[in-house]
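Residue numbers (our numbering): 1 to 216.
C-beta: ideal position from N, C-alpha, C; glycine also.
No experiment lies behind these values; they were computed from the predicted model shown.
Heads up: the structure comes next, in structure tokens.
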């Protein structure tokens, strides 16, 4: 409610350990949030099949983010897209840099290496029906040192769907760098959760940098 009132354009709810414990994100949390939040919600964590998606959408989610289950069974992407539309299917990619210009996909909230090239996986995910890609840099997440601009650019240059950049925001120049790299949207967590920045700060920075943002 606080982030919605402060002017968030969208909210991303991820149960970070759902896959680890073989559960799905609680639809009750989503239902309660949907009663007081009137911007799109992307929900993820432990989504394993079409029925999980249906449950979350009925609870109030607008889109569903899938990582581990999609890596384990890529056809799930097509099943979700066919049943609910590509706009509902967000492919969540957690990537860790291996060598320069090479990133590996990780699952289970960054715990397990999947042995898959993240750039190739992004392309395949879109071909299978993903309508958005949420890219999280494991190396940068929580550091405040900036996004992995090269990772986001490599994916943005390759796909024709919106790319959301996550992991690494620390100062206003990072906004310009990541939008220049091709990000269509930016996700914030640490900087807001620990009151390092406010939505007003971020919007003001974006406007100073001539980044098109919604006026509040």
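Taking DSSP as the reference, what is the three-state secondary structure of residue i?
i: residue 29; result: helix
i: residue 116; result: strand
i: residue 124; result: helix
i: residue 4; result: helix
i: residue 106; result: strand
i: residue 205; result: helix
i: residue 159; result: coil
i: residue 53; result: helix
i: residue 178; result: helix
i: residue 200; result: helix
i: residue 152; result: helix
i: residue 185; result: strand
Have a look at residue i and residue j and give me their C-alpha separation to the nearest angstrom.
i: residue 70; j: residue 184; result: 22 Å
i: residue 26; j: residue 48; result: 13 Å
i: residue 182; j: residue 210; result: 15 Å
i: residue 102; j: residue 114; result: 14 Å
i: residue 163; j: residue 150; result: 13 Å
i: residue 11; j: residue 42; result: 6 Å
i: residue 66; j: residue 180; result: 26 Å
i: residue 82; j: residue 133; result: 17 Å
i: residue 29; j: residue 14; result: 11 Å
i: residue 140; j: residue 97; result: 10 Å
i: residue 75; j: residue 129; result: 9 Å
i: residue 78; j: residue 90; result: 11 Å
i: residue 219; j: residue 202; result: The chain is shown only over 1 to 216; residue 219 falls outside these bounds and no answer can be derived.
i: residue 206; j: residue 171; result: 11 Å
i: residue 52; j: residue 190; result: 28 Å
i: residue 156; j: residue 178; result: 11 Å
i: residue 176; j: residue 186; result: 11 Å
Go ahead and label residue i buried or exposed: buried means 16 or more other beta carbons lie within 10 angstroms of its beta carbon, across all protein chains shown.
i: residue 216; result: exposed
i: residue 39; result: exposed
i: residue 145; result: exposed
i: residue 109; result: buried
i: residue 131; result: buried
i: residue 36; result: exposed
i: residue 174; result: buried
i: residue 85; result: exposed
i: residue 107; result: buried
i: residue 92; result: buried
i: residue 198; result: exposed
What residue range does the alpha helix (DSSP H) around residue i cover?
i: residue 92; result: Note, residue 92: premise wrong, no alpha helix (DSSP H); beta strand (DSSP E) at 89 to 99.
i: residue 75; result: 75 to 84
i: residue 191; result: 190 to 193
What first and last residue would you give for the beta strand (DSSP E) that runs through residue i?
i: residue 165; result: 163 to 166
i: residue 65; result: 63 to 66
i: residue 11; result: 11 to 14
Give a single yes or no on whether residue i has its beta carbon closer than 7 Å to a heavy atom of the ligand MG.
i: residue 204; result: No copy of the ligand MG appears in this structure; indeed no ligand is present at all.
Could you check whether the region 50 to 60 touches the region 116 to 125, counting it as contact only if at least three pairs of C-beta atoms, one from each stretch, sit closer than 8 Å? In short, these stretches do not touch, since the Cβ pair count stays below three.
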